[in-house]
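The block underneath contains the structure these notes are about, expressed in structure tokens.
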Amino acid sequence: MRRILVAGNWKLNGSTETIKELLKGILAGISDAKADVAVCAPYIYIPLVQDILAGTEVGYGSQSISENDSGAFTGEISGPMLNDFACKYAIVGHSERRSLFCEKDTDTANKFAAARKHGLTPILCVGELLEEREQGITEEVVSRQLDAVIELEGVEALADAVIAYEPVWAIGTGKTASPQQAQDVHAFIRGKIAKLNAEVAEKVQILYGGSVNGGNADELFAMPDIDGGLIGGASLKAEDFLAICKAG
37 MRRILVAGNW KLNGSTETIK ELLKGILAGI SDAKADVAVC APYIYIPLVQ DILAGTEVGY
97 GSQSISENDS GAFTGEISGP MLNDFACKYA IVGHSERRSL FCEKDTDTAN KFAAARKHGL
157 TPILCVGELL EEREQGITEE VVSRQLDAVI ELEGVEALAD AVIAYEPVWA IGTGKTASPQ
217 QAQDVHAFIR GKIAKLNAEV AEKVQILYGG SVNGGNADEL FAMPDIDGGL IGGASLKAED
277 FLAICKAG
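When we follow our numbering, the leftmost residue of the sequence shown carries the number 37, and every step to the right adds one.
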């Protein structure tokens with residue numbers, strides 16, 4: 037039985053004071069959560085997050101990772117650096133990294149490999165643009181994004197990872213794929229993996245991301261192939277985030 041995972045992606049948000057307040061609120065209300073819980077913070081705040089979450093069941097990680105371990109790569113952060121602060125997760129391939137920072141499928145695959153190399157759990161994001169959904173090529177796009185990782189690391193590597201399906205048109209827009217629309221893509225992802233390795237397909241957690249909130253999380257998480265959520269805006273308020281963590 038796969039556990040529900042709810043992971044917050046804070047993106048470019050937060051300050052020392054707001055993060056202290058947010059995590060204090062989450063920890064105060066997390067005892068009756070139905071999910072495993074994690075937060076992915078801006079790099080500079082990871083030491084603060086580590087201090088506050090030490091000894092708790094809330095995991096934490098980064099919003100990206102370099103494919104390189106060290107060297108002349110200004111502004112990057114590496115797996116060994118994240119290990120220094122006991123990170124568990126690293127998001128790779130988020131649509132904002134793909135679109136705003138021009139990361140290609142191969143870049144995502146290399147970052148996925150770097151995370152695994154250093155014992156981090158990659159949260160691999162896949163998803164289509166609105167025009168791609170309207171063209172009826174959602175499965176083609178998602179398949180291509182998955183194939184880049186599978187071709188580099190092998191399908192067995194997905195057993196060490198989390199997949200997050202995020203339709204780009206639903207991220208931060210207030211629009212949400214219907215539970216059935218999301219389930220259809222999640223089932224496609226699991227079915228694609230099952231053709232290569234049924235055991236990995238059964239094990240891997242596939243999260244949904246895209247304007248998830250306390251009002252729709254129950255219905256989304258009730259779908260057979262939706263194993264939780266990668267949460268953006270709603271992860272910045274303890275009450276909203278906890279409502280999602282208690283769904284299902």
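Just so you know, even glycine gets a beta-carbon here, dropped at the ideal spot from N, CA and C. Since this is a predicted model, take the numbers as computed values, not measurements.
Return the bridge partner residues of residue i from the DSSP annotation.
i, result
"residue 48", "Answer is none; residue 48 lacks a bridge partner."
"residue 157", "125"
"residue 241", "198"
"residue 43", "74 and 266"
"residue 162", "201"
Taking C-alpha atoms, which residue in the options lies nearest to residue i?
i, options, result
"residue 61", "278, 283 and 284", "278"
"residue 137", "160, 100 and 168", "100"
"residue 41", "58, 242, 64 and 114", "242"
"residue 71", "124, 48, 51 and 38", "38"
"residue 151", "131, 141, 102 and 168", "102"
"residue 205", "191, 135 and 283", "135"
"residue 117", "66, 171, 89 and 153", "153"
"residue 166", "193, 188, 155 and 131", "131"
"residue 43", "77, 179, 56 and 68", "77"
"residue 231", "255, 207, 211 and 191", "191"
"residue 283", "268, 67 and 251", "251"
"residue 51", "67, 65, 79 and 111", "79"
"residue 121", "133, 177 and 82", "82"
"residue 112", "147, 85 and 125", "147"
"residue 194", "175, 123, 235 and 214", "235"
"residue 145", "189, 45 and 175", "189"
"residue 87", "73, 55 and 68", "55"
"residue 263", "222, 249 and 69", "222"
"residue 210", "74, 249, 255 and 253", "249"
If you follow the beta strand (DSSP E) that residue i is in, where does it begin and where does it stop?
i, result
"residue 67", "Careful: residue 67 lies outside any beta strand (DSSP E) and carries neither H nor E."
"residue 267", "264-267"
"residue 207", "Unbroken run through residue 207: none, as it is neither H nor E."
At least one CB of chain C closer than 8 Å to the CB of residue i: is that the case?
i, result
"residue 94", "This model lacks chain C altogether; it includes just one protein chain."
Identify the continuous alpha helix (DSSP H) that holds residue i and give its terminal residues.
i, result
"residue 99", "Note, residue 99: premise wrong, no alpha helix (DSSP H); not H, not E."
"residue 228", "215-230"
"residue 174", "174-189"
"residue 78", "Counting along the chain, residue 78 falls outside any alpha helix (DSSP H), and DSSP gives it neither H nor E."
"residue 257", "253-257"
"residue 38", "Neither: residue 38 is in no alpha helix (DSSP H) and is coded neither H nor E."
"residue 280", "274-281"
"residue 116", "115-120"
"residue 135", "131-136"
For the putative contact between residue i and residue j, defined by C-beta atoms under 8 Å, what is the C-beta separation to the nearest angstrom?
i, j, result
"residue 162", "residue 197", "Incorrect: roughly 11 Å between the Cβ atoms, too far for contact."
"residue 266", "residue 159", "7 Å"
"residue 156", "residue 129", "Not a contact, Cβ separation roughly 14 Å."
"residue 66", "residue 281", "7 Å"
"residue 47", "residue 268", "6 Å"
"residue 168", "residue 177", "5 Å"
"residue 175", "residue 224", "5 Å"
Three or more C-beta pairs below 8 Å linking the region 104-113 and the region 85-96: Flag = no, the region 104-113 and the region 85-96 do not touch.
Three or more C-beta pairs below 8 Å linking the region 194-202 and the region 243-250: Contact holds: three or more Cβ-Cβ distances are below 8 Å.
Validate contact between the region 217-233 and the region 254-269 using beta carbons, cut 8 Å, 3 pairs: Contact holds between the region 217-233 and the region 254-269, because three or more Cβ pairs, one in each stretch, are under 8 Å apart.
Three CB pairs or more closer than 8 Å across the region 260-274 and the region 53-68: A contact exists between the region 260-274 and the region 53-68.
Cβ contact (3+ pairs, closer than 8 Å) linking the region 183-195 and the region 140-151: In short, these stretches touch, since the Cβ pair count reaches three.
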